[in-house]
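The structure appears below as structure tokens.
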Amino acid sequence: MTATPGFLDVRDVRKAYGAIKAVDGVSFSVGPGEIVGVIGPNGSGKTTLFNSILGQIRPTSGSVELCGEDITGMSPLELARRGVGRTFQTLQVFGGLSVRDNLIAAAQEFKGTLPGRLFAKPDAGLGHHADEMIELFRLKHVAHLPAGRLSYGQQKLIDIAMAFMPAPRLVLLDEPCAGVNPSLVDQLRELLVQLNRTQGGSFVVIEHNMDFIMKLCPHVICMVEGKVLAEGKPAAVQANPAVLEAYLGN
Amino acid sequence: MGDFIHLLVSGTATGAIYALAALGFTLLWQAAGVINFSQGEFVMLPAFAMLFGISFGLPLWLAFLVACVLAAIVLGLGFKRAIADRLMGHGVIPLVIATLGVSIAVKSIVRAGYSAEAHPVPSPFPGGVLSIGGINVSYADIGTLVMAGAIVIGLQAFLNRTVTGRAMQAVAQNTESARVLGIDVRRMVAYVFGINAVLAVVTALLIAPTYLAKFDMGDSIGQKAFFAAIIGGFNQTRGALLGGVLIGVLENLVGFYVSPAYKEGVALALFLAVILFRPEGLLGKAEERKV
Amino acid sequence: MSAGLRRTVLLVAGLAALVAVAAFAKRSEVYLLTLTLVYLMATFGLNLTVGYAGQMSLGQAAFFGIGAYVAAIALKAGIPFLAVLPIAGIACFVVGLALGFPALRVQHHYLAFATLGFNVLVFLVMRNEEKLTGGTFGISSIPRPTILGVSFEGHLAYFYFTLAGLVALAAALWWLLRSPWGRAFAALRDNPIRAESLGVNITAYTLLAFAIGAACAGVGGVYYASLVEFIEPGPFHFSTSLMMLLAVIVGGSGRFFGPVVGTIVIILLPEVLRSSSIESLKFMQKWYLVFFGLAVVALMIWLPGGILSIADRFRKREAPR
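Chains as they are written, first to last, in my numbering: chain A, 41 to 290; chain B, 2 to 292; chain C, 297 to 617.
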């Protein structure tokens, strides 16, 4: 599948910290409903690229466009309102709220107006949807426990489920497998495929787990030293000698 | 005109005292992430310690030195070990609350255990006024300025010129990088607590003769230290100096030309103006948000 | 569900006991109980700001004072009590928004300093603007309400009147915390970065949590003015704000009934010690704040969840919120 320009377009993004070029002219496009994987050794600029797309940092130059609209440097709130969701590398759940409340909190702000939500039903009409998501992620047995008390892997699943609660158009997943029990990795991949099919959003995934990314993503980008080294079908990228050298070399 | 210059000089002197307290406050925040709400009590206690020393017949300078040593041990290391170490890394709020508790306990100990009265403290400087061309400046103001100036210059020299000082600055700017560079972060943080305590003793020495030693004298000085630090820029040591002097001078001017009743409100007004128009502080650098 | 039922039974029993005890208590004791209820209005509101939304406010006494002065002036001008309540509440809400907006634009812990400074400024205005506030002489002979011909002039009647007000205020807060707003408050307290990425407008919610907390203090101030019948700046000093904050934390911030425990500790207990005729208790009163301050430090180190979190230590599996 080739990327259809016009959904997410990353154009020549650069981010320099003093003399260090963390991201050095990266361009790529993601089509509607497409899953794109970003791989690369540590320090290759993946996270900086992610943060540039997500408005956590402002790129030194270049632009990010969503459906033709320039979203470069927009705040996370503005991005969320445009249907951009994300998951985090480190645990980021609402520790004091129950799992079910975490999921409802993830979507309630997209329903109605702010004053209207004061008078809405306590579950903001999202209880059923949250229960479905809990079922999907097999979290039913812990649904009413505070998220902060659960295991690392469970919190990671909650974080991912939260990102999908509002059915975003674009989801950026930052190392979804990190810290997840290897036996659950396949299950997680199937979940993502299913969500991609039912919700129709586009995904950009950063991941170190090669097997996971090769099976999940029809299109893979390999970054090295802030630049795109190779791009294309997973098998082709994997077989690229330059990629092999970047991983094994030095 | 004579009034104005007099107000300017004495305001700068008062401001220099605020700056000293703010300096310690800023260093603590930078190096250890500690917002110390008992900073004012850290000034009040040494004032009483010096009074005790004097009542036992010590000369002021010796009482001051003894207070410095005691403060470095009790308010520096003691405070760090007993409270700060246990709460650092749990976010800002627990430490703020705990230091509020310290503030209340310390104030109440002095009030219940010693006295609720204000006690005069001898000044390290001679009384009297220096007149130059119709402008009157008290020796106390001159002495305060000289001493505060010397301390600040000395501290800056220590921070910039010595290996230890540079290591402390590195810790203040980026604890993680400092650790990677092989700096003994724990020791540097301990030094910062010690320096903060000694700065508080100097503040006490300079402020107590005018404001008198009283159990609640720390309320006002503590607040001025916060505001001076923020006005100048929380992440800049020089900012604390500018903030302190600015508050001192403006308080004097407002007190004289506008209304003495609102002198205490100057720091707040300045603070609100700063966060509205220059949120990072006058000399501060904007921090990029982190994930 | 049984936990919820047990809690309701406990609550009703507690209220009934309070009603009964007050009927047989001495006049001074009823006064003290009423005073505790009035402070509870302010600390309940502060718990929303601090405990549920995670914002530091060090100016609750200023809003309490604004409510009290608005009430004193309005009640003496003949405006009925039930009209004064919303006036004071809305005034504090608006002032809260105006104060919170610049502070929250920057960094969240700036709210602590802004509110502290604001409290100092409000105190100065109360002390210095004699035409409006009576300065250090204060405002005296503030009337107690008469509603639909029923007078709440008597100390017991006013106690019941205040109790009803507190129950209504607490019910409104309970309802608010169960609404999606309550969930958004908790989300921004637990993890503002995550919340923002999920579309939670953290600036708006933080401002709202702060301003609603301020409005509760304003309402409490109205009841306070009518209770003491004479106000002067003293009780609205920022040290009262600190005590209110500590009341919320000591009881257990983010627990609905946390402020009840905390307010008893900071308001009722010292007064009980003061008025005690037993010599050793009098001694305690003198040193009370020392113990209190040290207890706060100890609490932060060993029991940061407050007194009410002791139960959790024994009972691990408890329903959230």
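From the three backbone atoms N, C-alpha and C, an ideal C-beta is built for every residue, glycine too.
Predicted model only: the values in this text are computed from it and were never measured.
- Query: With a cut-off of 7 Å, does the C-beta of L117/A fall near any C-beta of chain C?
  - Reply: On the first sequence, residue 117/A is found 77 positions in, with the first residue counted as 1. Closer than 7 Å to some Cβ of chain C, the Cβ of L117/A qualifies, so yes.
- DSSP three-state call for D217/B: helix, strand or coil? Locating residue 217/B in the second sequence gives position 216, where the first residue counts as 1. The DSSP-derived three-state label of D217/B is coil.
- Message: On the criterion of 16 or more Cβ atoms from any shown chain inside 10 Å, does V97/B qualify as buried, or is it exposed?
- Response: Residue numbering aside, residue 97/B sits at position 96 when the second sequence is read from its first letter. When all chains shown are included, V97/B counts as buried.
- Item | Beta-bridge partners of A270/A, as assigned by DSSP | The residue you call residue 270/A lines up with position 230 of the first sequence. A270/A is bridged to C262/A.
- L393/C at chain B interface by Cβ criterion, 7 Å: Within the third sequence, the letter at position 97 stands for residue 393/C. Not closer than 7 Å to any Cβ of chain B, the Cβ of L393/C fails to qualify, so no.
- Query: Using a threshold of 6 Å, is the CB atom of N197/B nearer than that to any non-hydrogen atom of the ligand ATP?
  - Reply: Ligands in the displayed structure: none, and consequently the ligand ATP is not present.
- Item | Selection from V10/B, I18/B, D4/B, I143/B that minimises the alpha carbon distance to F227/B | Start at 1 with the first residue of the second sequence, and residue 227/B comes out as number 226. Measuring C-alpha to C-alpha distances from F227/B to each of V10/B, I18/B, D4/B, I143/B identifies I18/B as the nearest.
- Query: Is there a Cβ from chain B that is less than 7 Å from the Cβ of G413/C?
  - Reply: In the third sequence, counting from the first residue as 1, residue 413/C sits at position 117. Taking Cβ atoms only, chain B reaches closer than 7 Å to G413/C, which makes this a yes.
- Message: Check this for me: beta carbons of L52/B and A201/B, under 7 Å apart or not?
- Response: Against the second sequence, residue 52/B aligns to sequence position 51. Against the second sequence, residue 201/B aligns to sequence position 200. Their beta carbons are not under 7 Å apart, which means L52/B does not touch A201/B by this criterion.
- Neighbour-count burial assignment, T27/B, 16 or more Cβ in a 10 Å radius: Reading the second sequence from its first residue, position 26 is the one you call residue 27/B. When all chains shown are included, T27/B counts as buried.
- Do I246/A and K86/A come within 7 Å of each other at the CB atom, strictly closer than that value? The residue you call residue 86/A lines up with position 46 of the first sequence. The residue you call residue 246/A lines up with position 206 of the first sequence. In contact: K86/A and I246/A (Cβ atoms closer than 7 Å).
- Excluding five sequence neighbours on each side, which residues of the same chain lie with their C-beta closer than 8 Å to the C-beta of L221/B? As a working mapping, residue 221/B is identified with position 220 in the second sequence. According to the sequence as given, residue 221/B is Ser; it is not Leu. So the list reads G41, Y212, E265, once near-sequence residues are dropped.
- First and last residue of the uninterrupted beta strand (DSSP E) at E247/A: Along the first sequence, read from residue 1 onward, the residue named residue 247/A stands at position 207. Run containing E247/A: none; DSSP gives neither H nor E here.
- Based on the DSSP secondary-structure assignment, which residues constitute the bridge partners of A56/A? In the first sequence, the residue the question calls residue 56/A occupies position 16. Per DSSP, the beta bridge partners of A56/A are K61/A.
- Message: Which residue marks the beginning of the beta strand (DSSP E) containing S56/B, and which one marks its end?
- Response: Position 55 of the second sequence, counted from the start, is the residue given in the question as residue 56/B. First-last for S56/B: 40 to 56, but that is the alpha helix (DSSP H), not the beta strand (DSSP E).
- Query: When the Cα of K273/A is compared with those of F90/A, I75/A, D52/A, which residue comes out closest?
  - Reply: On the first sequence, residue 273/A is found 233 positions in, with the first residue counted as 1. Ranking F90/A, I75/A, D52/A by Cα distance to K273/A puts I75/A first.
- Query: Is the CB of D608/C under 7 Å away from at least one CB in chain B?
  - Reply: Taking the third sequence and counting its residues from 1, one reaches residue 608/C at position 312. At a cut-off of 7 Å between C-beta atoms, D608/C does not count as an interface residue with respect to chain B.
- Starting from the Cα of V104/A, find the closest Cα among D52/A, E230/A, L117/A, T88/A and give me that residue. If you number the first sequence from 1, residue 104/A lands on position 64. Of the listed residues, the one whose Cα sits closest to V104/A is D52/A.
- Task: Please say whether L336/C and L462/C have beta carbons closer to each other than 7 Å?
- Result: Here residue 462/C corresponds to residue number 166 of the third sequence, with the count starting at 1. Here residue 336/C corresponds to residue number 40 of the third sequence, with the count starting at 1. Result yes, Cβ atoms of L462/C and L336/C sit closer than 7 Å.
- What's the C-alpha gap between D49/A and G83/A? Walking along the first sequence from the start, residue 49/A turns up at place 9. Walking along the first sequence from the start, residue 83/A turns up at place 43. Taking the straight line joining both Cα atoms gives about 23 Å.
- Answer with yes or no whether the minimum CB distance from G102/B to chain C is below 7 Å. The residue you call residue 102/B lines up with position 101 of the second sequence. Closer than 7 Å to some Cβ of chain C, the Cβ of G102/B qualifies, so yes.
- Task: Tell me whether F68/A sits in a helix, a strand or coil according to DSSP, three-state version.
- Result: Numbered from its first residue, the first sequence carries residue 68/A at position 28. F68/A: strand per DSSP, three-state reduction.
- Query: For V130/B, which option in A119/B, V111/B, A50/B, D142/B has the closest C-alpha, if you only look at C-alpha atoms?
  - Reply: As a working mapping, residue 130/B is identified with position 129 in the second sequence. Nearest C-alpha to V130/B: D142/B.
- Task: Would you mind telling me which residues of chain C sit closer than 8 Å to Q278/A, beta carbon to beta carbon, in chain order?
- Result: The sequence position of residue 278/A within the first sequence is 238, counting from 1. Within chain C, no C-beta atom comes less than 8 Å from the C-beta of Q278/A; the nearest is roughly 32 Å away.
- Task: Please name the residue in L328/C, Y456/C, Q356/C whose C-alpha comes closest to that of S537/C.
- Result: Within the third sequence, the letter at position 241 stands for residue 537/C. Taking only the C-alpha atoms, the option nearest S537/C is Q356/C.
- Segments of 3+ residues assigned as beta strand (DSSP E) that fall wholly inside the region 324 to 379 of chain C: You should have found no qualifying run.
- Task: Using alpha carbons as the reference points, say which of G478/C, T304/C, V326/C, L595/C lies closest to L452/C.
- Result: Within the third sequence, residue 452/C is the residue found at index 156, counting from 1. Considering only alpha carbons, the answer is V326/C.
- beta strand (DSSP E) segment containing N137/B, residue limits: Reading the second sequence from its first residue, position 136 is the one you call residue 137/B. N137/B -> beta strand (DSSP E) spans 136 to 139.
- Message: Given a cut-off of 7 Å on the beta-carbon distance, is the pair V334/C and L473/C in contact?
- Response: By 1-based counting over the third sequence, the position of residue 334/C is 38. By 1-based counting over the third sequence, the position of residue 473/C is 177. No, the pair does not count as a contact, with Cβ atoms beyond the cut-off.
- Query: Are there 16 or more other CB atoms within 10 angstroms of the CB of Y192/A, so buried, or fewer, so exposed?
  - Reply: Working through the first sequence from its first residue, we reach residue 192/A at position 152. Under a 10 Å Cβ-count criterion, Y192/A is classified as exposed, with fewer than 16 other Cβ atoms of the shown protein chains found around its own Cβ.
- Item | Simplified DSSP assignment, three categories, for S191/A | Mapped onto the first sequence, residue 191/A falls at position 151. Coil at S191/A, not helix or strand.
- Task: Say whether the region 195 to 208 of chain A touches the region 118 to 131 of chain A, bearing in mind that this needs 3 or more beta-carbon pairs closer than 8 Å, one atom from each stretch.
- Result: Yes, since at least three Cβ pairs between the region 195 to 208 of chain A and the region 118 to 131 of chain A fall closer than 8 Å, the two stretches touch.
- Task: Would you list the residues sitting across from V524/C in a DSSP beta bridge?
- Result: Here residue 524/C refers to the residue found at position 228 when the third sequence is read from its first residue. Bridge partners of V524/C: none, in fact.
- Mind pulling the chain B residues with CB within less than 7 Å of Y335/C? Position 39 of the third sequence holds residue 335/C. For Y335/C, no chain B residue has a C-beta closer than 7 Å to its own C-beta; the minimum C-beta separation is roughly 17 Å.
- Item | Backbone CA spacing between F150/A and L484/C [nearest angstrom] | Residue 150/A sits at position 110 when you count from the first residue of the first sequence. Residue 484/C sits at position 188 when you count from the first residue of the third sequence. If you draw a straight line from the Cα of F150/A to the Cα of L484/C, it comes to about 16 Å.
- Message: DSSP three-state label for G244/B, please.
- Response: The sequence position of residue 244/B within the second sequence is 243, counting from 1. Note: G244/B maps to helix in three-state DSSP.
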